[in-house]
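To keep things clear, I will list the structure first and then write my remarks on it.
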Amino acid sequence: MRIRPFEYYAAKNLEDAVRVLDQEGSGARLLAGGTDLVLSMKKKGALPSCIVDINHLRELEFVRRDDDVIRIGALVRHADLARDPLLFETLPALSEAAGLIGSWQIRNVGTLGGNLCNASPAADSAPPLLALDAHLVLSGPAGEREVALSDFFTGPGGTVLGRGEILREIVVRVPEGRSAGCYRKLRRRKAVDVSLAGVAFQAELDRAGRKLERVAVALGGVAPTPIRVPEAEALLAGVQAEEAREALTECVGIAVTAMRPITDVRASAGYRRSIVEAYLQNCVQSVLDALFGTSGARS
Amino acid sequence: MSMRLRFTVNGEKHDLETQGNRTLLDVLRTDLGLTGTKKGCGMGKCGACTVLLGGRPVHSCLILAPQVNGAEVTTIEGLGGEEPHPLQRAFVERGAVQCGYCTPGMILTAKALLDENPSPTEPEIKAAIAGNLCRCTGYNKIVEAIRSCAAPSG
Numbered sequence: 007m008r009i010r011p012f013e014y015y016a017a018k019n020l021e022d023a024v025r026v027l028d029q030e031g032s033g034a035r036l037l038a039g040g041t042d043l044v045l046s047m048k049k050k051g052a053l054p055s056c057i058v059d060i061n062h063l064r065e066l067e068f069v070r071r072d073d074d075v076i077r078i079g080a081l082v083r084h085a086d087l088a089r090d091p092l093l094f095e096t097l098p099a100l101s102e103a104a105g106l107i108g109s110w111q112i113r114n115v116g117t118l119g120g121n122l123c124n125a126s127p128a129a130d131s132a133p134p135l136l137a138l139d140a141h142l143v144l145s146g147p148a149g150e151r152e153v154a155l156s157d158f159f160t161g162p163g164g165t166v167l168g169r170g171e172i173l174r175e176i177v178v179r180v181p182e183g184r185s186a187g188c189y190r191k192l193r194r195r196k197a198v199d200v201s202l203a204g205v206a207f208q209a210e211l212d213r214a215g216r217k218l219e220r221v222a223v224a225l226g227g228v229a230p231t232p233i234r235v236p237e238a239e240a241l242l243a244g245v246q247a248e249e250a251r252e253a254l255t256e257c258v259g260i261a262v263t264a265m266r267p268i269t270d271v272r273a274s275a276g277y278r279r280s281i282v283e284a285y286l287q288n289c290v291q292s293v294l295d296a297l298f299g300t301s302g303a304r305s
Numbered sequence: 707m708s709m710r711l712r713f714t715v716n717g718e719k720h721d722l723e724t725q726g727n728r729t730l731l732d733v734l735r736t737d738l739g740l741t742g743t744k745k746g747c748g749m750g751k752c753g754a755c756t757v758l759l760g761g762r763p764v765h766s767c768l769i770l771a772p773q774v775n776g777a778e779v780t781t782i783e784g785l786g787g788e789e790p791h792p793l794q795r796a797f798v799e800r801g802a803v804q805c806g807y808c809t810p811g812m813i814l815t816a817k818a819l820l821d822e823n824p825s826p827t828e829p830e831i832k833a834a835i836a837g838n839l840c841r842c843t844g845y846n847k848i849v850e851a852i853r854s855c856a857a858p859s860g
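Protein sequences appear in the order of chains D and X. For reference, each letter of the first sequence is one residue, going 7 to 305 in the numbering used here. For reference, each letter of the second sequence is one residue, going 707 to 860 in the numbering used here.
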């Protein structure tokens, strides 16, 4: 599995990387951790004439709280996300998802930005971030712009990134009230494997601590891009514990009908549906338990 | 495309001429003759090529040579001196080596785990080595060998 020769350029900083990417055009690819790109170059899926390396740019490796948002640099490694105490505390679904990506070896190298920009429909970091209404800051030749993650993916492997544009950071609003989030994924092997389907559920309690708000259901690996399911969310928004538990089955049912799963060598569409059904049920249950306590739980 | 690569392997500085399209694994095995690092799948799935990059386990088959410029790499040759490293000794004594192909990667992952967490639980050990496949399926003895090197938990 030889890799075709290419021009290699180590970017001095982000602006430098943008400049060279823009100059080189479609033959150039940005290299972060490389866990997807190098593999694709080996399989001759990607045949770049030029590699612009930003892997060493430490200024893009940060997690910090900035008033009511958390900013995550695009080059933060999955392993660092998974063990970051701030994320563990405030955005547990993202933390969980990061810890489930690939193997330890992959998590030490692969980056959050790379996971998103590679735009796999099954990218593990996408559902929790979609559920959190994350925004992305892109740097490009014309300056900076911000896009919602929900507008970022255009299809398998496709994003709205323009020529010379680079994902710089991921911005997530810190939940105001009590919140809980959960991510579950299915894979054939217990570890390492890509996800066949990923389910994220996120919700907050209103000020009085009685009603659910900002309810979010996000699914990965079940449609050409990771998706939100607003119809399922609407059923749970503004309701109290008892009602939420009663609406659970219907909510899950709606989410399953929103899926456009494929049948491939990994799993059939029907199996993906059953899995999402079970996992979403499980996720919602654990979030409701976390928010309302398990006392009112029914089997 | 030829390039200059400067990095440290097992404490020794190297300055060599190589190609940008070579992987860290190629550089270690072919350019430096450190054949203790094994090539398995070449796709980041089997873990045979595991080395430590700045102390953390990585797949050397998925890292391009230029990515390690200025970095510190530890291979299996860097463990132990006159005497084998405690993990190496434990693997031998407990029969955790069968065909031996996964052993260098397995031991390096175990070393990184113990450096980070000196008294891991069995599930933590299993989670750490999830990316290292043993085709002989000798996992019980591997986990046992790693456990025997753990500090008694307080």
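For glycine and all other residues, C-beta sits at the position ideal for the given N, C-alpha and C. Since the structure is predicted, the reported quantities are computational estimates derived from the model, not experimental observations.
Strictly under 8 Å for the Cβ-Cβ distance: is His-765/X near chain D by that measure? Contacts with chain D at 8 Å (Cβ-Cβ) include His-765/X.
Counting only Cβ pairs nearer than 7 Å, list the residues of chain D close to Asn-727/X. Going along chain D in sequence order, the residues near Asn-727/X (Cβ under 7 Å) are Ile-9, Arg-10, Pro-11, Phe-12.
Report yes if the CB atom of Leu-740/X is closer than 8 Å to the CB atom of Thr-724/X, and no otherwise. For the 8 Å CB-CB criterion, Leu-740/X and Thr-724/X do not form a contact.
Sorry if obvious, but does the Cβ on Asp-59/D come closer than 7 Å to a heavy atom of the ligand ADP? For the ligand ADP, the structure offers nothing, since it holds no ligand at all.
On the DSSP bridge list, what partners appear for Cys-188/D? Phe-207/D.
By the 9 Å beta-carbon criterion, what residues does the stretch 46 to 58 of chain D contribute toward chain X? Within the stretch 46 to 58 of chain D, the qualifying residues are Met-47, Lys-48, Lys-49, Ile-57.
Just mark Arg-266/D as buried or exposed, buried being the case when its beta carbon has 16 or more other beta carbons within 10 Å. Taking every protein chain shown into account, the CB of Arg-266/D has fewer than 16 other CB atoms within 10 angstroms, so this residue is exposed.
Nearest CA to the CA of Lys-744/X: which residue from Thr-827/X, Cys-855/X, Gly-787/X, Ile-782/X? Each of Thr-827/X, Cys-855/X, Gly-787/X, Ile-782/X was checked against the Cα of Lys-744/X, and the nearest Cα belongs to Ile-782/X.
How would you list, in chain order, the residues of chain X whose beta-carbon sits under 9 Å from the beta-carbon of Ile-112/D? Residues of chain X with a Cβ closer than 9 Å to the Cβ of Ile-112/D are, in chain order, Gly-750, Val-764, His-765, Leu-768, Gly-837.
Taking DSSP's pairing of strands, which residues face Ile-172/D in a bridge? According to DSSP, which records beta bridges pairwise, Ile-172/D is partnered with Ser-145/D.
Pairs of beta-carbons, one from the stretch 64 to 71 of chain D and one from the stretch 783 to 802 of chain X, closer than 8 Å: are there three or more? Fewer than three pairs of CB atoms, one per stretch, sit closer than 8 Å, so the stretch 64 to 71 of chain D makes no contact with the stretch 783 to 802 of chain X.
Taking 7 Å as the limit between beta carbons, can you name the residues of its chain near Gly-164/D, skipping five residues before and five after? Only Ala-125 meet the Cβ criterion.
Counting only C-beta atoms, is Val-271/D closer than 8 Å to chain X at any point? It does not; no Cβ of chain X falls within 8 Å.
Spatial neighbours of Gly-244/D in its chain, beta-carbon cut-off 6 Å, leaving aside the 5 residues before and after: Correct list, in chain order: Lys-217.
Answer with buried or exposed for Thr-231/D, where buried requires no fewer than 16 other C-beta atoms within 10 angstroms of its C-beta. Burial call: buried.
Let me know the alpha helix (DSSP H) ranges lying completely inside the stretch 748 to 831 of chain X, each 4 residues or longer, listed in chain order. Runs of the alpha helix (DSSP H) inside the stretch 748 to 831 of chain X: 792 to 799, 809 to 822.
Are the beta-carbon atoms belonging to Ser-201/D and Asp-90/D less than 8 Å from one another? No, the Cβ-Cβ distance between Ser-201/D and Asp-90/D is not below 8 Å.
For Gly-161/D and Ala-229/D, what's the separation of their Cα atoms in angstroms? Going by the C-alpha atoms only, they are around 9 Å apart.
Quick one: is Ala-224/D buried, meaning 16 or more other Cβ sit within 10 Å of its Cβ, or exposed? Result: buried.
To the nearest angstrom, how far is the alpha carbon of Lys-719/X from that of Val-774/X? Whole-angstrom Cα-Cα distance: 12 Å.
Would you say Gly-742/X lies against chain D (beta-carbon separation less than 8 Å)? Closer than 8 Å: no.
Taking buried to mean at least 16 other C-beta atoms within 10 Å of its own C-beta, is Ala-857/X buried or exposed? Its Cβ having fewer than 16 others within 10 Å, Ala-857/X is exposed.
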